[in-house]
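Everything below concerns the one structure shown next.
Numbering (my numbering), first residue to last: 3 to 144.
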């Protein structure tokens, strides 16, 4: 009778783990974006779906920091981009093709809406001030 080798056992274990992980990922559903309030702007977001930002904008306090979100002028591809300010300082927001959003604070994490992105940025800042996202007036010559 042939015995199983250590390499074969590790291969079988790894394959089973991957299969289990993939099945768990495919069966879990992603959380839906927050529903818009009455009087929502209806302006398309990054994926063309309406943004859930009321026409008057959003002004809230989250963990002691003030978040202000308004719809700005048309950005890339003619779609309006939300302007986010945390304690009066602009938080740069970028829309992804799939309708999710990223910020400069958490650039490698996507969020379903601008409000969730702003709240995550506040959590990641951990009380630190938001530095302005601007380029210097004179770029160094290379």
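Just so it is clear, CB atoms sit at the ideal spot from N, CA and C, and this is done for glycine as well. None of these values were measured; they are calculated from a predicted model.
Boundaries of the alpha helix (DSSP H) around residue 116: 116-127. Residue 89: not part of any beta strand (DSSP E); DSSP gives it neither H nor E. Secondary structure at residue 6: coil, using DSSP grouped into helix, strand and coil. Across the set 4, 92, 83, the C-alpha of 92 shows the shortest separation from the C-alpha of residue 70. Assigned with DSSP and collapsed to three states, residue 16 falls in helix. In chain order, 93, 122, 123, 126, 127, 132 place their CB closer than 8 Å to the CB of residue 107, counting only its own chain and leaving out the 5 sequence neighbours on each side.
Distance from the CA atom of residue 61 to the CA atom of residue 119, rounded to whole angstroms, is 15 Å.
Per the coordinates, the alpha-carbon of residue 55 lies some 8 Å from the alpha-carbon of residue 73. For the set 88, 90, 109, 89, the Cα lying nearest the Cα of residue 97 is the one of 109.
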